[in-house]
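Data first, discussion second: the structure below is written as structure tokens.
Chains as they are written, first to last, in the numbering used here: chain A, 1 to 175; chain B, 176 to 481; chain C, 482 to 666; chain D, 667 to 1273; chain E, 1274 to 1641.
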């Protein structure tokens, strides 16, 4: 892996001065992953937006079922410098509630709905966050959770085809 | 009119009706092939339109209430009546009854039936389509009427066969196309509007209102609508031909002139996008109306082109 | 007896003529339900020019003869497909594209995608390939045309005759057929 | 950019007069256009190449491929009678099955037209025709870039030849954890090896354990079918590797080395759990095992773990038989063997060493004392050649020599009397063991080596393992192939060997594929040697059996006939295994021991 | 007048793909609207967690149907970043070639697709025919017309077939000579301009608010915000090309940029064919057979510039044979969801389909 972008390094150091960064990681030379306490996220995002990270590319969620946590990942991008940041935080899986960031990044509204629908994370302050979006008449747990088995659900709900042609041959039957 | 001539007249009218159907339906197919060449392809068989219509007639129909059913019948009846009055080459089913205003009146019956039926289907898109169609009618009727009134004024008659006869006196030079080119252009633009050719396809607009008035039609009703469509094209193109291209004295002339008008309209349609309804109105009240008034002034006050 | 025979013959004759017209004028419903729809524009436009078969796209189910199920159907789409199919006027046909309609295809383990379409709707022709090339699509339609001529394209009759069975399957997988929520009041 | 103009769109009308780009109808319907090369159409399977490994079914991202059992497929080593069936109601035409196909039998045709009103028609078993049934035009085939198998074996760390030929240090060092994981990752878990392995070891399973890093589980899998894994992990003839599906196009998985990796690296508590595995109902009865070779130890382990009282009789001082006294140390260390033996010992099995049945204890006494007897005395004696000069003191027998050599190395005996110019007759694994041991001993004694080998076989017929042949050549062994010894020249004065006279062998097997060499007596070969080592096969000695027993034994081609439980017909208490019933091979012995244990358990638990 | 509810889609000729816009209209003016997605929801992200790294290559092209290759590219980029794989030089260039051809085909489709909402079907007929030539090239390069499954972890699946360079060159030469026809038909057509000029605006503030990328972003900000320039991947730093930009983003500008980009794509393709080195096309960096490939643990996001904008995957691996989590950033997600809710109202019904089209919305990537 080539050298890590200096500007990015500087930036993460600066963030570290004002906020408590739990962990820093550089998956690629111009991408940094920063972990924060849930409480810090909004302030950090607001700060970063002022630092040129004007675009939130994606809000995603990872289900760390063994740790009993959901990890929220805000992917920010700085178009001027070509730098990308993962702002990550972990929240309790049993009581998945977080506060919306639509005040900082209005574009997050539908990503939050997406995360709510697929993981069941509530976003306080997002008026539509609990409305269904992609799914209709959904009658199971949020489907992106790790303990959801789509195969079992599918087998239960939708009949698969049972072919009548049997290609197995027993002795003496062969062509 | 003598009473005992009526059966014969009706027979002639039916013959014209039959001819109109076969001619226009075939021509629609042929035009599809020509347009296909513009698309860099071959297109369907020339008799494809017949297949479509007969197929639709063989399907089951759906009803959305009596207004819907009655409207279709009324529209088709009105249009068929209009066709029967149309002079075809030298034949006229009801001599003396080929006054321009008769078509305008009878045609309106058909349109009204169509509008009733479409609204009767209850689909909001159909409603929007009908509204758009009527709005568009307001748009193109005004310039068209001005041009036609100028012609009537200039030639002193409103009988289509007589207007055609007048234009046939001195060959091409006596056509209104030559005598009143500006008005012809205006009228041709209006013809595009009447035919629903782009850029004036707004009331069909599949991408916006899912084919508008036709949205709820299927099976037999749609078949009738297609027949109606062919007849109305026949009426509109024939009108234009009789008014500006000197009608037709012989089958060849008829075929050539008719084809020229219809194919040109279709080709223009394929090279154009569609306007929005407000743009349609603005357009008609800007360019064609200006041209039409100019022509009317030239004819009525300056006496040019008479 | 003689008149009955005559009537029967007449009816058959009319049926035969109808079939000829139906076979050569198939209007498809423009409904892109899944990925296989991406080859339909190719098939319909200049390169393959499907209009030569007398086929054309239609804007609404009422006008169409053929419903194309282009690949996988999520349950959300299936509801709408059933709705569209029931609106079409008979005779109507369904052509199913790709493996997903036969046995679930690559989405066989997805929670929102149905597996075998013939549980819910009657299929007249299946076309193999992921996705079928435009030529395969056209050959599939040619098969449908031949079937219409042979009177074997009778999916709509099957649907009518086994309506309860189809409905039951639909309800089993979909819960309710017509959604009533804030989006569909 | 040009200017906007009302006439701009009409310039396109020029296409009205140009040829359309449309494909003619005939090219679509009558004779459809051929796809481009490389097209991923419908599947074609070359049944002559297909081995039924099912890897296609494993990789399939849509679970479209199932394997059908086919009775019309010849049962062969290295293949399963199964063939893929493809569900085109699933297939996504990705071609991953083609890319991973171990034998290269799967490919795709260029066909793309297939439709049917019947969904049943979309499942097909590809043969040389695809689902369309028309003669195929080849489409997608894999190449080295798209191949999804790893055809290259991870190299095994070994000590250098220079070092190895001067010492008896184990040549192979064994995989590191990363190497073992990487090697295990190559496996496609087809299970063809399991079928071929005489002991039917759970090979894919324990390889998967290595790959997952779960050595405890791996060890449990090993002990399910083979208690001599430490030995087999080093010196097994690995028939499994020769049928490995990867070996169709690449290098087989190093199954033996992975087994060794488990044994060498499994934590001690894993062994504990193996030993302490509880049996639901301990067996009751006493079993005598005669001989402590592979089959004897194997039977002892399984019987011991079932709770039987087991006594193993061994004529030598230490248990292990040929594993102790035959296989040289550079291939199999005593420590490895001791490890296996210690596990067996922990099960409560008693080893009665230095006691030869028939001499120190009578067979009839055993018969009285025990409920069942497992006879696993093997082939401990070297076969003679029966040629002139064979009885010279400079003609040494292989087994005897190896035994002396191993005793010397463990410090229990003197250095064998070797000379600086020797020839080994034979080309089996034993011959190579002898030759390579000689190289080392000569290096030790003389500082240089001069070992020759003489064999009837040609290079491609040599029965020894390929790696033995290569290593032997590397160590400087001179091979004289395709000639049979006729006479050993002896210096009449000193009585010592001077050379071997032989002649060229023209044929090894006759039409019936039976061993029946023919010689060209005019083409003579003479190899100078001061000592000749005979390694042309071994033989058994059943003289310890009383007549009442030996009369009842049925022999066929020198082997005792037994039923599937290794039970002698007519003598239900007598079980036989190992070399006595089939070819000499440790893994065969292990399998026999296991099977016999099952048979004995059945016998004793039923009575 | 009372508000009437209209549906644009899922079954609607103006709707590209299977998606639905619900509109409350007053007269012809849309008062409220929102997207009802999910008709194409297949649970990709879940399916990807259930398939091995290689099997995912077969699955993911389906996320965006008109332009599937960016999927394969970002997936491979993520796996390569996690496993620190160096891709062979030639593979980089082949990837670029495939991506550019895919971009060209997507642009042609979108450019011709303007024929739907504006009624200029001729554009569609022409563009689709040219697109077919690209698909035929794809068939020869990759083995399939639409779902190529070609870019894979460590490189590409197969080397280019012999003689393909000539065919590609012949095609781009031919297309370039005919591009002015498209310009005349669409861009210079007054009737199309009437529909597109000064219509369906996308101001820069809205771009930043929603997070719109791609042509939408470049057409309003006036800056070369193209990931190929900003964070070059593959070998985009070795080829010369311009990124057309504008500061006034109406539908016509966006169409024009799309048109201009086609020239740039052709320029890039020519350079690729010129500069492409010989050599290996695939580095088999992951141990073992594809059944047991494991990618080291880590969390990484990669994005490429698709025809519609920034297209990215966020991949989480825990070192297993399957990705632990993959999140897909569809390039058109922001404008299709929040954009329709906030900025479609106020337009006329006539413009809804055109709005959907010129914003570059692709429904399968939104639904996943």
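All C-beta atoms in this analysis are idealised placements derived from N, C-alpha and C, irrespective of residue type, glycine included. Please read these numbers as outputs of a predicted model, since none were measured by experiment.
With contacts defined by Cβ atoms closer than 8 angstroms, residue 894(D) and residue 954(D) do not form a contacting pair.
With contacts defined as CB atoms closer than 8 angstroms, residue 1108(D) and residue 1117(D) qualify as a contacting pair. Using a 10 angstroms sphere on the CB of residue 424(B), the tally of other CB atoms stays under 16, which defines it as exposed. If you look at residue 1321(E), you'll find it in the alpha helix (DSSP H) that goes 1317-1322.
Taking 8 angstroms as the cut-off, the Cβ atoms of residue 123(A) and residue 112(A) count as close. Any Cβ of chain D closer than 8 angstroms to the Cβ of residue 1461(E) would place that residue at the interface, and such an atom is present. Residue 1328(E) carries a helical assignment under DSSP once its states are collapsed to helix, strand and coil. Neighbours of residue 372(B) in chain D, taken as residues whose beta carbon is under 9 angstroms from its own, are absent, since the nearest beta carbon is some 14 angstroms off.
Within the region 685-705 of chain D, the residues whose Cβ lies closer than 9 angstroms to any Cβ of chain B are, in chain order, 685, 686, 687, 688, 690, 691. For residue 454(B), the chain E residues whose C-beta falls within less than 7 angstroms of its own C-beta are 1467, listed in chain order. Residue 479(B) sits in coil when the DSSP states are folded into three classes, being neither helix nor strand. By the criterion of at least three beta-carbon pairs nearer than 8 angstroms, the region 129-138 of chain A is not in contact with the region 562-576 of chain C.
For the pair residue 273(B) and residue 335(B), the CB atoms are nearer than the 8 angstroms cut-off. Within chain E, the residues whose beta carbon sits less than 8 angstroms from that of residue 510(C) are 1284, listed in sequence order. Following the DSSP letters along the chain, one finds residue 465(B) in no beta strand (DSSP E) but inside the alpha helix (DSSP H) bounded by residues 462-471.
Sequence-distant partners of residue 1187(D) (beyond 5 residues in either direction) whose C-beta falls short of 7 angstroms from its own C-beta, in its chain, are 1169. Taken through DSSP and simplified to helix, strand or coil, residue 1634(E) comes out as coil.
About 23 angstroms separates the beta carbon of residue 686(D) from that of residue 372(B), a gap too long to meet the 8 angstroms contact definition.
The contact set of residue 528(C) on chain D, defined by CB atoms closer than 7 angstroms, consists of 687, 688, 689 in chain order.
Beta-carbon to beta-carbon, residue 1259(D) and residue 964(D) are separated by about 3 angstroms, close enough to satisfy the 8 angstroms threshold.
Residue 1312(E) and residue 559(C) have their C-alpha atoms roughly 9 angstroms apart. For the region 1031-1101 of chain D, the full-length alpha helix (DSSP H) segments reaching 4 residues or more read 1064-1075 along the chain. Contact annotation: the region 992-1001 of chain D does not touch the region 882-893 of chain D, with fewer than three C-beta pairs closer than 8 angstroms.
Ranked by how close their Cα comes to the Cα of residue 8(A), the residues 116(A), 81(A), 61(A), 96(A) have 81(A) in first place.
Scanning chain D for C-beta atoms nearer than 9 angstroms to the C-beta of residue 156(A) yields nothing, as the closest lies near 17 angstroms away. Of all residues in the region 1560-1593 of chain E, only 1560, 1561, 1562, 1563, 1564, 1565 come within less than 7 angstroms of chain D when Cβ atoms are compared, listed by chain position. For residue 1573(E), the secondary structure class from DSSP, reduced to helix, strand or coil, is strand. If you draw a 10 Å sphere on the C-beta of residue 643(C), you find fewer than 16 other C-beta atoms in it, and that means exposed. Bridge pairing for residue 350(B): absent [DSSP]. Contacts with chain A at 8 angstroms (Cβ-Cβ) include residue 734(D). Of the residues assessed, residue 53(A) falls on the buried side of the cut-off, its CB having 16 or more other CB atoms within 10 angstroms. Two segments are said to touch when three or more pairs of C-beta atoms, one from each, lie closer than 8 angstroms; by this definition the region 253-262 of chain B touches the region 284-297 of chain B. Taking 8 angstroms as the cut-off, the Cβ atoms of residue 822(D) and residue 897(D) do not count as close. Going by beta carbons, residue 1122(D) and residue 1075(D) fall outside the 8 angstroms limit. Distance between residue 1325(E) and residue 1564(E), taken at the CA atoms: about 7 angstroms. Inclusion of residue 658(C) and residue 563(C) in the CB contact set at 8 angstroms is warranted, their separation being smaller than that value.
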